[in-house]
Each structure stands twice: as structure tokens, then as C-alpha cells.
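One structure is given here, and the rest of the page talks about it.
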Amino acid sequence: MAERANVVFVDGARTPFARAGSLYAETRADDLIVKVMRELLRRNPNLPPEHIDDVAIAATSQTGDQGMNIGRSASLLAGLPNTVPGYSIDRWCAGAMTAVTTLSSAIMAGAYDLALAGGVEHMTHHPMGEGMDPNPRYLSEKIVDPEAMAMGMTAENLHDRFPHLTKERADAFALGSQEKTAKAYANGLIQPDLVPVTARSAELGSVLVSVDEAPRPGTTLEGLASLKTPFRPHGRVSAGNASGLSDGATAALLANEGVADQLGLTKKMRMVGFAFAGVEPEVMGVGPVPSTEKALARAGLSIKDIDLFEVNEAFAVQVLAFLDHFGIDDDDPRVNPMGGAIAVGHPLASSGIRLMSNLAADFTVNPGAKYGITTMCIGLGMGGTVIWENISGSNA
Amino acid sequence: MSESAQAVVVNIPDEVVTQSRVRYFELPLGAGTMALITLDNGKDHTRPSTFGPAGLASLNTALDEIAARTDIAAVGITGKPFIFAVGADLSAMSIVNDPRIIAAFGKLGHDVMRRFGEFSVPTFAFVNGAAMGGGMELALHCNYRTVSADAAALSLPEVFLGLIPGWGGAWLLPNLVGPKNALEVIINNSMSQNKQMKPKQAVELGVMDVMFAPADFLEQSILWAAKILTGLVNIDRAPVDRDTWDAVVDAARTQVDARVHGATRAPYLALDLVAAAKTSTRSEGFDAEDVALTDLVMSDPLRASLYSFDLVQKRAKRPAGAPDKTLARPVKKVGIVGAGLMASQLALLFARQLKVPVVMTDLDQERVDKGVGYAHAELDKMLGKGRLSQDKCNRLKALITGTTDKADFSDADFVIEAVFEELAVKKTVFAQLEEVVRPDCILATNTSSLSVTDMAADLEYPERVVGFHFFNPVALMPLLEIARAERTDDASLATAFAVGKGLKKSCVLVADRPAFVVNRLLNRFLGEIIACVDEGASFADADAAVHAMGLPMEPFVLVQMVGPAVAQHVAQTLNGHFPDRFHASEKMGQLVAAGLPGVWLWDQAGNKTVDPRVAEIFGDSPSTMTPDQIRDRALTAVAQEAQIMLDEGVVAQAQDLDLCMILGAGWPFWLGGITPYLDREGYSNPRFLQQGVASVPA
Chain A
1 MAERANVVFV
11 DGARTPFARA
21 GSLYAETRAD
31 DLIVKVMREL
41 LRRNPNLPPE
51 HIDDVAIAAT
61 SQTGDQGMNI
71 GRSASLLAGL
81 PNTVPGYSID
91 RWCAGAMTAV
101 TTLSSAIMAG
111 AYDLALAGGV
121 EHMTHHPMGE
131 GMDPNPRYLS
141 EKIVDPEAMA
151 MGMTAENLHD
161 RFPHLTKERA
171 DAFALGSQEK
181 TAKAYANGLI
191 QPDLVPVTAR
201 SAELGSVLVS
211 VDEAPRPGTT
221 LEGLASLKTP
231 FRPHGRVSAG
241 NASGLSDGAT
251 AALLANEGVA
261 DQLGLTKKMR
271 MVGFAFAGVE
281 PEVMGVGPVP
291 STEKALARAG
301 LSIKDIDLFE
311 VNEAFAVQVL
321 AFLDHFGIDD
331 DDPRVNPMGG
341 AIAVGHPLAS
351 SGIRLMSNLA
361 ADFTVNPGAK
371 YGITTMCIGL
381 GMGGTVIWEN
391 ISGSNA
Chain B
1001 MSESAQAVVV
1011 NIPDEVVTQS
1021 RVRYFELPLG
1031 AGTMALITLD
1041 NGKDHTRPST
1051 FGPAGLASLN
1061 TALDEIAART
1071 DIAAVGITGK
1081 PFIFAVGADL
1091 SAMSIVNDPR
1101 IIAAFGKLGH
1111 DVMRRFGEFS
1121 VPTFAFVNGA
1131 AMGGGMELAL
1141 HCNYRTVSAD
1151 AAALSLPEVF
1161 LGLIPGWGGA
1171 WLLPNLVGPK
1181 NALEVIINNS
1191 MSQNKQMKPK
1201 QAVELGVMDV
1211 MFAPADFLEQ
1221 SILWAAKILT
1231 GLVNIDRAPV
1241 DRDTWDAVVD
1251 AARTQVDARV
1261 HGATRAPYLA
1271 LDLVAAAKTS
1281 TRSEGFDAED
1291 VALTDLVMSD
1301 PLRASLYSFD
1311 LVQKRAKRPA
1321 GAPDKTLARP
1331 VKKVGIVGAG
1341 LMASQLALLF
1351 ARQLKVPVVM
1361 TDLDQERVDK
1371 GVGYAHAELD
1381 KMLGKGRLSQ
1391 DKCNRLKALI
1401 TGTTDKADFS
1411 DADFVIEAVF
1421 EELAVKKTVF
1431 AQLEEVVRPD
1441 CILATNTSSL
1451 SVTDMAADLE
1461 YPERVVGFHF
1471 FNPVALMPLL
1481 EIARAERTDD
1491 ASLATAFAVG
1501 KGLKKSCVLV
1511 ADRPAFVVNR
1521 LLNRFLGEII
1531 ACVDEGASFA
1541 DADAAVHAMG
1551 LPMEPFVLVQ
1561 MVGPAVAQHV
1571 AQTLNGHFPD
1581 RFHASEKMGQ
1591 LVAAGLPGVW
1601 LWDQAGNKTV
1611 DPRVAEIFGD
1621 SPSTMTPDQI
1631 RDRALTAVAQ
1641 EAQIMLDEGV
1651 VAQAQDLDLC
1661 MILGAGWPFW
1671 LGGITPYLDR
1681 EGYSNPRFLQ
1691 QGVASVPA
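Taken in sequence, the protein lines are chains A and B. Everything in the first sequence is counted per this note's numbering, starting at 1 for the first residue and increasing by one. Everything in the second sequence is counted per this note's numbering, starting at 1001 for the first residue and increasing by one.
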């Protein structure tokens, strides 16, 4: 790899995630991302806002309260100096991840010193599929299987492809996600990254939301087994082993490592490399496999070098497909130690940064860890992977 | 709640009920559980939340619910978007005629709101937006207050309305911030056109504890509350200085006297309450507020104030008799004939508000340059004060141009003349204009006393002529009298109203009768007072005659400000129209001829004495009339004139006369403009307004 500047993840934060149609139903998406951006800057007083070279905010539906070039609009609403530019990013579920990698590319190239990445998805205001207008050639030329347009069906397709990844294994993984999330909350590992936000309901009044709404700590295997499989009769994908529809926002500060040192910014982890890769749209959940292979190869690392994994849990089966490919146990403690999207929810374009914040927390809990990856599957058949290095740990 | 509060049923028909909704959540920093009340009347911000009996009951129920729990660490209260709460539902007051109901309503508010000051756990007001009157008082009852940096209106406007802060404000505020700051809010702001505090000022005065940015106001307020509760933040409120308390109140009383001379009771009762708050207990203070409030609400001056407020809020925005606004033609270019001071002020106003090209014209280039130069210099002043950006200044300057060639008006949609007040001159101007402008271009005149119909008489298209009478200074005075001449058509009149609205003026439709409304009533009034002086009354007694009304300016001070020559010119014009009723003083004529600036000389200390040269003209006999006698003559004359004007159809209703006097002459709310005062002082027969319209119902 050519010589380039190092990128560090300075800090990340997010709103608590709420179930779609619930706490944030009457709260604007842009207000959610703005509150996270402001808190992130408050938590990092050494970072002069006017020195931010660019802001990239991701959203899957870039319309209404997620429109108007939300990258620029949210910057103005957050009170950033109007000299700081901003743009919007869309790669569906990997929006925030792509905001991070795109801004990091500019830092690596020496074009930027400081950048603010973010993602927001208000799935109450912007239900999946909003405004979609698929080209008829999808069908006529069989470019995209119709089943690829419904993510739950692509998860069922994964079960078909890997028959040994059974519903029982998916449910067991889902239970683990709930249990790990509950434990991480109990240990106070998740709360530091949360930005409490107030949400108004005209009917009920205003309330402070300080924790994720979706986790179900009392989940049991029996309970999971009894859930309906809405995508197929007698199928395997249920509301219990998939991430829920959610509203939420995330943001992160990225910096050139030298600049971070000069300013005295915290450095939570260092970016090693990243890759995105495509797969057949109808099995989009397997996307993280080729993207991770590619990222590892380019970084000159092997899967054995990775000490921690933050894999987005769009569906349990999609995590299992990833682990299965790399020969990692379903319940390997290095994987999603703080639980994942099955418990806390998956506000599409925002989730990438949640994975990164979690990984940074994982590193502090596991100071001996050297490398970690954040990876996620992406609708229409893609995967994205970012490899990170623990800066402060004992192996640093 | 006490029994007395329930003894009388307080009910507002069709009350828009502000509901108090409670939610509970864990505070940050492990500070415990907060009960947060959100005030919301279910409407958007254009209908702010107010408190009627049902709204207060909802708030009381919310507090009962919270008080029944044992796990609450703090109570917070906030509002719907942009609004905290704006006080009592005033619609109730103007219809009630039973003092027991007013007393019960006052006490109900006290009984509910004081719970915030006496709750078992700390209470926090998160003032997210407008907080006026009872809304502000509710915040003052709380132990702590945060305010959003974009809160648009923060005030105790009761005295402005002729009331006193009656839900705790008159006792709580001086005990919180001391009498000086409290009177700044309760008296000074109220009596300065109901001035609102900026959020920053509210913090500086100690009315609010801390200000947060709007973007995450409630989150930061809640965090701040948690810090207070956990001792991470302490509020050091300056102790109130009780030694100077009486002196501060006395000084304020002197100032109030100088302004209203006892003409309205509200500021005096407010002063009494603040004075008593030095030593009275909370309950004594609140009881005294109930008594004062009931006393005021059951008085005609307060009802006249509410009537005035309603005129200004509603009638001023929907002018009676204005034609269908869809008839209005667009106005994309304005011409101004004349480049004198008035013309320059008009050019500024049109350019700033309509943002269309404004072309000034006069007889020679020098005058044109001077007129345009004045307007441009005013824009530079605004730029210097930061009231205009450089870009906006450039834009407005480019809009205001001058020419000596009226042909430049050929594509104008609206031309107004501001030339010498002489019919022949104005007719010539209009005739010249008609040669160049389109047939549908509005020709407006800023005449104050000439006949608009006569001005239009010889035109080919007289239907586009309207009277457009501003008041000085035109940038500040809110009234615009729009006169319909004999042949003015609806489309032209509608266009005039649209332009007036675009200029952000309150427009009143008046008939083309001499001097329209304000100048006619004011000159009948002044003429009668000057006649008294001609007959031997002293200038001092003449000026003192209006003290009982609390007018903004004494008659001979007003004449001096307007300029005796202008005043005399108008007086003579009106005398020409109505020689039997409008006095034109020969002696004032001599004063003008002598080139004197007015009657009074002021010394350094502001004491006035009659200019000896004036005394020489008027003679130096002992005063033959008391101020009361002079006022009696003047009011008798005004009552007669007002009735004649209604008979002549100068305006649609007495309400329009009142609106004009409030907005054009600055006559106070407690007079109701003028007709409610004439009714209650017995000068009208029959009454101008039915009992109950601007007075306590029978």
C-alpha cells in the first residue's frame, strides 16, 4: 500500500435507538442527528469546529427530514460554522460506514485533517422501500431477483444456501445477542456512547430517552421458537432473530493522526484498511465474506490476526454465514461482545458507526486485542468491512 | 384547593384547554426520577397555550398525580414547540361581571401555581419559548428556571394591559431579583410599548438562571437539573437588598407619576404590591394580588384596555370595509413625487418593506440628489448599527433612485405624491403623472387635510386615486388611513390596502372627509384647548388638563413638537371646512408669524416656562379656568365631533375611531382610544358603545 496518512477514530456517539413508530415517531430525523453531532463536539472540546474539513451524513431515504442534503443541512442546524461544508451519502445499510471510509480516504490522501461522519435513519418517517421505482429490466433481464427487494427473503435464501445454518442456530445466536446486550448495559459499557435525547409526543408530552428501547432482556429460546416467520410459511427468519425496524442516528469524529496528536484529541483506534464487495442481490447477507477477504488481503492480514469482530446483525443467519465461512464458533466471545442489532435495532444508514463505537469499547475491555473489524451486509448484494487497530492497548 | 376557590364556578365557554401531560424518566448522573409536565393546548404555535379554569385544573391534577408518588426526585415543566405558556385566557375576563368569579379565578391560579414553589422536591421550569404573564409567573413559582436562547417573548405584560401580575408575579419577582429589576420588568417594560425581555436579558436580570441553545435546549436543561440535584452545579442568587427597597419603589412611583399622572391605576397597584412584598408573606402577597386583580378587572378602564388590545390585535389586521383582496393589482415599481423629508422617508419605507424599485422625482436634480442621498444615508446608518448586512444595504440602495423626468414612472404600478399641501399643486402633479403612467397605475396622495375627490376631479382615470395618509415618523407609526374618494374603484382600493399591508401598517378605511380621523379628532380637541387659552386659561392649566387622561403628550408640548406653523396650517384648513366647530387661534397665528418655535422654554432640569415673547402675544392675565374645566370643554367637543364623524360615515364604526386614536395618536389603552372614555365619563348621548363592549357588562 502506498504511503499515506493515518486515520484515527477520535470518538463516536449515537442516540438511543427507538422502535419504529414509537418514541421518536414525532421527532424529526434531522433533529436526531443534530443532537448527536452537538454532543460529540461538546465531548471533544479540543476539536475546533471550524477546522472540520467536511461533514458526510448518510441516510437511505434522502427526502423530507432526511433530505435537503442532510450533510449540509444538519451541519447548519447543529451550529457548525457555515464555512464547514457537508454532503450526503447513501449505501443503504452501510451509509455511515461509507461516510467514515470516504472521509477517511480524503484524510489518508492528505486532503483533510478533520472530518465528521454520521448516519441517520428514521424508519417511522421513511419506511423501507419508500419511493422505490425499480427498473423493469430488473425482471425482464433477470438482473435482480424480485426476492432481493425484501431483505427478510434474502435471509431465508441464505438459510437455503447453507442448510446447516438452521433456525435453531439462528435463534440461539439471537438469544446470545439479547443476553450480551443486557450484560453490557449492566456493566455500563453501552451508556457512554449514548446521547440522551428528548422526544415529544403531542398526546403524551415530552420524555428523555436515555437507553435503547428495543432490547428484550427476558428473551428465551422457547419464546423465539414460537415466533411467526413472516417471509415464508414455516420459514426460519422471525422478528426474534432479525434486527427490528428502528429510528436513530450516529456520528463519529475522524482525524489525521498527527493532527489529533497536535490538538490533544483522544484516539480510540486507528484505521488499517477497508473494502466493499458485491454478491448476488438475493443473498445480500453473505456480502461481508468477500468484503472481509478483500480488506484482509489488502492489509496483509489474515482472519487469525483479528481479535474482535463487530458484525452487524441484520439477520442472525447472515452473521452465522460469516462466522461459518471463517471457521469461527457461533458463540465465540470475540464476536459482538456487547450484543448487536438483533437486540438494539438497526436504523439502516446509521448502524455502521454504532459498530465502530462498540469496537472501540471492546478494545478498552480487551486491551490485549490488536486488530478488530467492523463489517456489515448491504441490500442489493454487498458487504463492507473496515479493519481497525487498537491504539491504547497493550499490543499497540 | 381551598373551599372558597370552589365556591364560585369559574367557567370559560369554548376554553382552548391547555393540558398538562406528565411523563417520568430517569435523570442523567443518577439524579433520580423526574416527572416532566408538558403544557400543550393541542394547537400550533400561532395559538399559544393559555390558562383558563380547565387548564389550571389539568395542571392541578398532574401535580396531584406526581405528589402521590414517592420515587420522584424533581418536577420539571416545559411547553409545546416555541411556547411555554402565555398566561391567563383573557377571553374570559371581558364577559365576566361578577367580582366573585374574578376573585375565584385569581385564587385558583394562585392555589395551583404556588404548589410549584412549595413542592416536596425541587421544581424546574424549562422555558422553551414564549412565557408571558401567567406563563412567566408559573416559571417564577418554580425553584429553578432555564430559558432557550430563542424564546421569543418573555414578559409580565399585565400593566401594559391595565392589570397587575396576579398569579404570584408581583410578590415572587421582587423577592427573587429585588425590587429594581422586578420593576424594570413589571413597570418599565410594560409601559414601554410592552417591551419583551431577550433571553439573555432575562438571565442578566436574574429572572432566569441559565440559558441554553435551542438545538438541544431540553436535553441540556434536564442535564443541568441533574447537576443541580447532585450538587455539581450551584446557583448563587444575589441576596435581595431590603434596605433600599422602599426608596427604589418610591423612585419608580415618581417616574410613573410623571408619565401617567394617576390616569391609570394598574402601575400604582403594581407598585403597592411590590412595596408590600418587602415584608409580606407569600400568602399575604398572593391574597393582595387577588384583591388588586379583582378590583382592576371589575373596573371600566381595564375593560377598555382589553377592548383596545383586541382592536389592535384583530381589527387592525382585518380592516373594516376593505374590498376583496383578490382584486388587488400587483405593485412591482413605486414612484414618489417630491424628494423632501417626507418623500425620502416614504422611499425608505417602500424599498425596505416592498423590496421593489422606488423612483423619486422633484423639480431639479439638486433636490432629487438630496432626497435620494437622505435615504441612502439612512441605510448606511442601519448598516453601521448592524441592522442591515452589506448585501441588503446594497440591494436597498440600488432600489432607491431619483430622476427629474416623470417619464421614468411609465412602468410604475403605484405613485404617491408628497408635495406641498396645496390643492392646485397636487392637481397639477396628478395631471402631469397621468400623461406618463398606465391607466391602472394607482395615484396616491399623502395629503392630511385636502379633498382627495377634488384632487382626482379633472383626471381621465379618477378611479385610481386614493388617499394614503401616514403619520410621522412614517417608519415607526403603525397607522395608515386609506381614504376612498368619490370615484375610487374597488380594485384600486384593494391595491392600496395590499400595499399598506405590505408596508406592515395597520390600515383603516376612511371616507374622503377633511383630515380623515386622527387629525380631525385631535384638532377638535386641541382647538378647544387653545380656545380656552385664548379666553384666558393659562398654558400650564391647559397642559395639565390632559393629565387625568394620561395622554402621551401635553397639548402645547405636542404643538411644539409638530411645529406651530404646521399645527396652525391644519387648524386653519379645518376651520375653513367647519368654522363653527374648529377653532383657529389668531394669537397662535401671531406666534407663527413671529417665527417662535412654540410656547415653552425648557431649562436644564427639564422645567418649562412660557417663552416671554409668547406671554406678550397672549397677555398675562390670571387663569380663568381650571384644568378640569378645560378638559370638560375639550371632551365635550370631541364627543360631538366623534358623533358627527360617525353620522357622516367617516369610518364604519366607533371602533375604527378608537383604533385610529390608539395607533395614530398614541392615546392610551385605558381610554379605549376615545369613545369608551367618553361613554364612561358621561360625554356621549347616546353611548358610542353598548355597555359591556368596552366596559363592565351590566
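No residue lacks a Cβ here, since even glycine has one placed at the ideal position from N, Cα and C.
A distance below 8 Å separates the beta carbons of Pro290/A and Gly383/A. Counting C-beta atoms within 10 angstroms of its own C-beta, Trp388/A has 16 or more neighbours from the protein chains shown and is therefore classed as buried.
Against chain A, the CB of Ala1213/B has a partner CB under 8 Å away; the residue lies at that interface.
Chain order gives the chain B residues near Leu77/A as Ala1215, where near means a beta carbon separation below 9 Å.
The three-state secondary structure of Ser1094/B, taken from DSSP, is helix. For the options Gln1345/B, Asp1111/B and Gly1052/B, the alpha carbon positioned closest to that of Ser1091/B is the one of Gly1052/B. If you compare the alpha carbons of Gly1692/B, Val1650/B and Asp1632/B with that of Tyr1683/B, the shortest gap goes to Asp1632/B.
Within 7 Å of the CB of Thr15/A, no CB atom of chain B is found; the nearest one sits about 10 Å away.
For Gln1604/B, no alpha helix (DSSP H) run applies, since DSSP gives it neither H nor E.
Between Ala74/A and chain B, the shortest Cβ-Cβ separation is not below 8 Å. If you draw a straight line from the Cα of Gln1643/B to the Cα of Leu1293/B, it is about 34 Å long. Look at His122/A here: in three-state DSSP terms it is strand.
Separation of the CB atoms of Ala1074/B and Val1022/B is rounded to 13 Å, and the pair is thereby denied contact status at 8 Å. Restricting attention to Gly273/A, Val195/A, Met153/A and Val259/A, the CA atom closest to the CA of Pro233/A is found in Met153/A.
Proximity of chain A to Thr1078/B at the Cβ level (cut-off 7 Å) is accounted for by Ser206, in chain order. Our two residues, Ala1103/B and Phe1286/B, have alpha carbons roughly 11 Å apart in a direct line.
Considering only Asn1011/B, Arg1513/B, Pro1081/B and Val1650/B, the residue with the shortest C-alpha distance to Ser201/A is Pro1081/B. Under the Cβ criterion of 8 Å, Thr1038/B is counted among the residues facing chain A. In terms of beta-carbon proximity, Arg28/A stays away from the interface with chain B, with every pair separated by 8 Å or more.
The alpha carbon of Arg1680/B has as its nearest neighbour, out of Ile1072/B, Val1696/B and Met1034/B, the alpha carbon of Val1696/B. In terms of Cβ geometry, Ala1304/B and Tyr1677/B form a close pair [threshold 8 Å]. The CB of Arg38/A comes closer than 7 Å to the CB of Ala1215 and Asp1216 in chain B, given here in chain order.
Scanning its chain for C-beta atoms nearer than 6 Å, with the 5 sequence neighbours on each side dropped, one finds around Ser238/A the residues Leu227 and Thr229, in chain order. Here Gly1052/B carries a coil assignment [DSSP, helix/strand/coil]. Less than 8 Å separates the beta-carbon of Leu1509/B from that of Pro1319/B. Taking 8 Å as the cut-off, the Cβ atoms of Met356/A and Ala252/A count as close. Asp1064/B and Phe1119/B have their alpha carbons spaced roughly 11 Å apart.
Within the same chain, and ignoring the five residues on either side of Thr166/A in sequence, the residues whose Cβ sits closer than 8 Å to its Cβ are His159 and Arg236.
With a threshold of 8 Å between beta carbons, Glu1026/B makes contact with chain A. For Ile1228/B, the enclosing alpha helix (DSSP H) stretches over residues Phe1217 to Leu1229.
The residue from Phe1471/B, Trp1224/B, Lys1608/B and His1376/B with its alpha-carbon nearest to that of Val1562/B is Phe1471/B.
Restricting attention to Leu1302/B, Glu1378/B, Arg1581/B and Leu1341/B, the CA atom closest to the CA of Gly1162/B is found in Leu1302/B.
If you draw a straight line from the Cα of Ala1238/B to the Cα of Asn1519/B, it is about 51 Å long.
The region 1568-1648 of chain B is shown to contain whole beta strand (DSSP E) runs of 3 or more residues at 1600-1602 and 1608-1610, in chain order. For Val7/A, the enclosing beta strand (DSSP E) has its first and last residue at Val7 to Arg14. Taken in chain order, the unbroken stretches of alpha helix (DSSP H) that lie wholly in the region 1008-1067 of chain B and span 4 residues or more are 1053-1067.
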